[in-house]
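*Asks:* The numbers in the numbering used here rise by one with no breaks, and the one at position 126 of the sequence shown is 407.
Ideal Cβ placement from N, Cα and C applies to all residues, glycine included.
Note that this is a predicted model, so its numbers are computed, not measured.
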Amino acid sequence: MYAEKQKLEQAKVNYELAAHFDPAHINAYNNLGVICRRQGNHEAAMQCFQFALKTEPKMNLASKNLGAVYGAMGRMNEAIQLTKQALDENPKDPEAYNNLALLYRDQCDVDECLQHLNTCLELEPKNQHASSNRLMSLNYQSELSREDVFEAHKN
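Set out below in structure tokens:
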């Protein structure tokens, strides 16, 4: 509840307590990692996600979250690998496709980016983040005419 109410310090304390009393509580570690990431502490977030993955290697949430942290740190190959791992565990995860698309966009692979954004939007047509990311990425697609890009934005 604290995390949902954006009371991050209180949420952090409670996740730390949950992890203390149950060291195998991978959801507590994953959620603690999310809080640390929101607070800009990538190192602590990375440790939380890595611990969760060490305990449960197929935890797609921790893979996806660690991939996002690695992406923010510029560790793109590891970020892409972890995000793909998350998709292997849950191939219907629109957020993972959106994350993967942004990693490819950041590496200037617009074709791959758009492919993953399209998959995300097929799974979740009203995903505003993916829709916005797709429109922005279309601006970098040299094969599209200005009119095509404009039409996509209008639609």
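Where T336 and S413 are concerned, what is the direct C-alpha to C-alpha distance, given to the nearest angstrom?
*Replies:* 36 Å
*Asks:* In whole angstroms, give me the CA-to-CA distance for E297 and D303.
*Replies:* When rounded, the distance between both Cα atoms is 10 Å.
*Asks:* Would you report the Cα separation of Q320 and S423, rounded to the nearest angstrom?
*Replies:* 37 Å
*Asks:* Nearest to L334 by CA position, among E428, Q388, P375, Q366, is which residue?
*Replies:* Q366
*Asks:* When you compare each of L384, A377, N420 to T400 by their alpha carbons, which one comes out closest?
*Replies:* A377
*Asks:* So, helix, strand or coil for P375, using DSSP?
*Replies:* helix
*Asks:* Between which two residues does the alpha helix (DSSP H) containing L298 stretch?
*Replies:* 289-302
*Asks:* Can you list, in chain order, the residues of its chain with a C-beta nearer than 6 Å to that of N311? Leave out the 5 residues immediately preceding and following it.
*Replies:* So the list reads A333, L342, A343, once near-sequence residues are dropped.
*Asks:* Short of 6 Å in beta carbon distance, which residues of its chain neighbour R356, apart from the five on each side in sequence? Order them along the chain.
*Replies:* none
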